[in-house]
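Notes to accompany the following structure.
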Amino acid sequence: MTDSDHYETSVREKRAETVAEFQDHRRSPLHRIQHLLHVTPALVPLIVLLVSIIVFGLLLGSRFFSPFALTLILQQVQIVGIVAAAQSLVILTAGIDLSVGAIMVLSSVVMGQFTFRYGIPAPVAVACGLAVGTACGFLNGWLVSVMRLPPFIVTLGSWQIFLATNYLYSANETIRAQEIEAEAPILQFFGAKFEIGGAVFTVGVVFMIALIVLLGWVLRHTAWGRHVYAVGDDAEAAQLSGVNVKRTLVSVYMLSGLICAFAGWALIGRIGSVSPTSGYDANIESITAVVIGGISLFGGRGSIMGSLFGALIVGVFSLGLRLLGADAQWTYFFIGVLIIAAVAVDQWIRKVSA
Numbered sequence: 005m006t007d008s009d010h011y012e013t014s015v016r017e018k019r020a021e022t023v024a025e026f027q028d029h030r031r032s033p034l035h036r037i038q039h040l041l042h043v044t045p046a047l048v049p050l051i052v053l054l055v056s057i058i059v060f061g062l063l064l065g066s067r068f069f070s071p072f073a074l075t076l077i078l079q080q081v082q083i084v085g086i087v088a089a090a091q092s093l094v095i096l097t098a099g100i101d102l103s104v105g106a107i108m109v110l111s112s113v114v115m116g117q118f119t120f121r122y123g124i125p126a127p128v129a130v131a132c133g134l135a136v137g138t139a140c141g142f143l144n145g146w147l148v149s150v151m152r153l154p155p156f157i158v159t160l161g162s163w164q165i166f167l168a169t170n171y172l173y174s175a176n177e178t179i180r181a182q183e184i185e186a187e188a189p190i191l192q193f194f195g196a197k198f199e200i201g202g203a204v205f206t207v208g209v210v211f212m213i214a215l216i217v218l219l220g221w222v223l224r225h226t227a228w229g230r231h232v233y234a235v236g237d238d239a240e241a242a243q244l245s246g247v248n249v250k251r252t253l254v255s256v257y258m259l260s261g262l263i264c265a266f267a268g269w270a271l272i273g274r275i276g277s278v279s280p281t282s283g284y285d286a287n288i289e290s291i292t293a294v295v296i297g298g299i300s301l302f303g304g305r306g307s308i309m310g311s312l313f314g315a316l317i318v319g320v321f322s323l324g325l326r327l328l329g330a331d332a333q334w335t336y337f338f339i340g341v342l343i344i345a346a347v348a349v350d351q352w353i354r355k356v357s358a
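Residue numbers (our numbering): 5 to 358.
This is how it looks when you write it as structure tokens:
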């Protein structure tokens with residue numbers, strides 16, 4: 005073997021050692037954790053949820069750690085959970101929807117007013133309310149995708165429009181629970197309760213869980229779901245790869261509006277009445293649940309199951325601190341800490357793909 009051959013062999017061995025060192029470094033325990041959280045973004049909120057339940061269970065005992073108390077949390081977060089599902093779809097496309105709460109309440113008001121003001125059969129009124137929510141979503145989607153306006157500005161404006169429309173149309177009139185129960189009980193359908201082994205569930209809770217599971221499957225196993233992630237990750241690259249970005253965005257906002265309309269129907273079941281002044285905090289609550297749930301505000305990454313975990317975390321803290329007799333402001337304090345921590349973790353996890 006010549007000196008030249010020895011030199012080439014030595015160079016190849018050094019390159020192999022360099023690659024091996026790089027691979028060993030990338031396979032460090034910290035990187036493995038980072039990679040695991042990257043591929044399963046719902047894992048962090050799930051861990052936080054379980055730890056929260058255990059901590060409050062140890063502090064409160066059977067007052068908290070019981071079938072009734074735990075299902076009470078589900079009942080309390082059912083509206084936020086449904087709206088968070090709608091918000092998740094939009095945020096996955098790197099957008100945001102500030103009008104979800106207004107769409108929800110406007111849809112519920114349409115259901116109530118169509119039934120009691122115009123004498124329309126309640127099932128038809130419900131269908132009209134669902135159509136109104138879908139139309140509101142279409143308007144948002146068209147302005148974002150076709151007119152190319154920023155989602156934040158579009159939904160900030162539509163939030164005010166839907167809010168004003170709701171007040172003007174309803175004339176601030178509340179339809180009482182007794183009237184609904186007597187004449188149109190289907191409007192309270194989502195509030196129907198049933199008991200299983202001491203745990204009290206509502207139809208709204210079952211719908212929320214079924215919705216999250218269905219959307220999770222659709223996003224994971226259908227072409228439409230892959231398009232949603234692709235648009236959120238890089239809309240221009242998705243367009244070049246054959247994805248119809250405009251159609252995908254419009255469909256996402258329309259589906260979001262429809263889900264918000266279902267949330268409006270569930271809201272009637274939850275509070276019993278049709279109130280034009282209820283539920284407007286759903287905007288910020290849904291974003292809170294999504295962020296804590298590990299869905300990236302930059303789009304293209306996250307699991308919709310995480311938004312359910314995020315809503316449940318808020319519910320656990322709210323009920324747990326209330327049972328401990330703590331000031332309600334502590335709930336906002338801890339939720340604020342969780343939001344900042346969730347964004348910090350998201351930034352750290354995103355480095356794995358950098």
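Here a beta-carbon is modelled for each residue, glycine too, at the ideal position from N, C-alpha and C.
Would you kindly work out how many angstroms separate the C-alpha atoms of residue i and residue j, rounded to a whole number?
{"i": "Val81", "j": "Gly123", "result": "32 angstroms"}
{"i": "Leu295", "j": "Leu53", "result": "It is Val, not Leu, that sits at residue 295 in the sequence shown. One C-alpha to the other measures close to 14 angstroms."}
{"i": "Val318", "j": "Ile339", "result": "7 angstroms"}
{"i": "Val43", "j": "Gly273", "result": "37 angstroms"}
{"i": "Ala129", "j": "Leu323", "result": "35 angstroms"}
{"i": "Leu147", "j": "Arg180", "result": "36 angstroms"}
{"i": "Met309", "j": "Ala88", "result": "10 angstroms"}
{"i": "Thr138", "j": "Ala188", "result": "23 angstroms"}
{"i": "Ala106", "j": "Trp163", "result": "6 angstroms"}
{"i": "Thr178", "j": "Ser279", "result": "5 angstroms"}
{"i": "Ser112", "j": "Leu271", "result": "7 angstroms"}
{"i": "Ala203", "j": "Leu167", "result": "36 angstroms"}
{"i": "Ala90", "j": "Met212", "result": "11 angstroms"}
{"i": "Pro154", "j": "Pro71", "result": "44 angstroms"}
{"i": "Val347", "j": "Glu183", "result": "45 angstroms"}
{"i": "Leu93", "j": "Gly195", "result": "25 angstroms"}
{"i": "Ile343", "j": "Ala186", "result": "43 angstroms"}
Would you give the residue range spanned by the beta strand (DSSP E) that residue i belongs to?
{"i": "Glu185", "result": "Looking at the DSSP string, Glu185 is not in any beta strand (DSSP E); the run it does join, the alpha helix (DSSP H), is Ala181 to Glu187."}
{"i": "Thr206", "result": "Ala203 to Thr206"}
Only counting the same chain, and skipping five residues up and downstream in sequence, which positions put a Cβ closer than 7 angstroms to that of residue i?
{"i": "Thr97", "result": "Val232, Val235, Gly236, Leu253, Val256 and Gly303"}
{"i": "Val209", "result": "Leu78, Gln79 and Gln82"}
{"i": "Leu160", "result": "Leu102"}
{"i": "Thr335", "result": "Phe321, Ser322 and Leu325"}
From the options, pick the residue whose C-alpha is nearest to that of residue i; which is it?
{"i": "Leu172", "options": "Leu110, Val130 and Arg224", "result": "Leu110"}
{"i": "Gly306", "options": "Ser277, Phe337, Glu183 and Ile95", "result": "Ile95"}
{"i": "Leu63", "options": "Phe205, Ala345 and Ala330", "result": "Ala330"}
{"i": "Phe193", "options": "Asp285, Gly276, Thr75 and Ala332", "result": "Gly276"}
{"i": "Leu259", "options": "Val217, Leu134 and Ala126", "result": "Leu134"}
{"i": "Ala286", "options": "Ala265, Val55, Gln117 and Pro127", "result": "Ala265"}
{"i": "Gly298", "options": "Trp352, Val247, Leu219 and Phe205", "result": "Trp352"}
Grab the span of the alpha helix (DSSP H) containing residue i for me, first residue to last.
{"i": "Ile58", "result": "Leu47 to Leu64"}
{"i": "Phe194", "result": "Neither: Phe194 is in no alpha helix (DSSP H) and is coded neither H nor E."}
{"i": "Met258", "result": "Val249 to Ile275"}
{"i": "Tyr173", "result": "Pro155 to Ser174"}
{"i": "Ala242", "result": "Ala239 to Leu244"}
{"i": "Gly283", "result": "Premise fails: Gly283 is in no alpha helix (DSSP H) and is neither H nor E."}
Taking only beta-carbon atoms, is residue i less than 8 angstroms away from chain B?
{"i": "Phe193", "result": "The structure shown contains no chain B; it holds only a single protein chain."}
Spatial neighbours of residue i within its chain, please: CB distance less than 8 angstroms, with the 5 preceding and 5 following residues excluded, ordered by chain position.
{"i": "Trp228", "result": "Val222, Thr252 and Ser255"}
{"i": "Glu240", "result": "none"}
{"i": "Trp269", "result": "Ser111, Ser112, Met115, Val130, Gly133, Leu134, Leu191, Phe193 and Phe194"}
{"i": "Gly65", "result": "none"}
Who are residue i's beta bridge partners in DSSP?
{"i": "Val278", "result": "Ile179"}
{"i": "Glu199", "result": "Val204"}
Spatial neighbours of residue i within its chain, please: C-beta separation below 6 angstroms, excluding the five flanking residues on both sides.
{"i": "Phe120", "result": "Ile179"}
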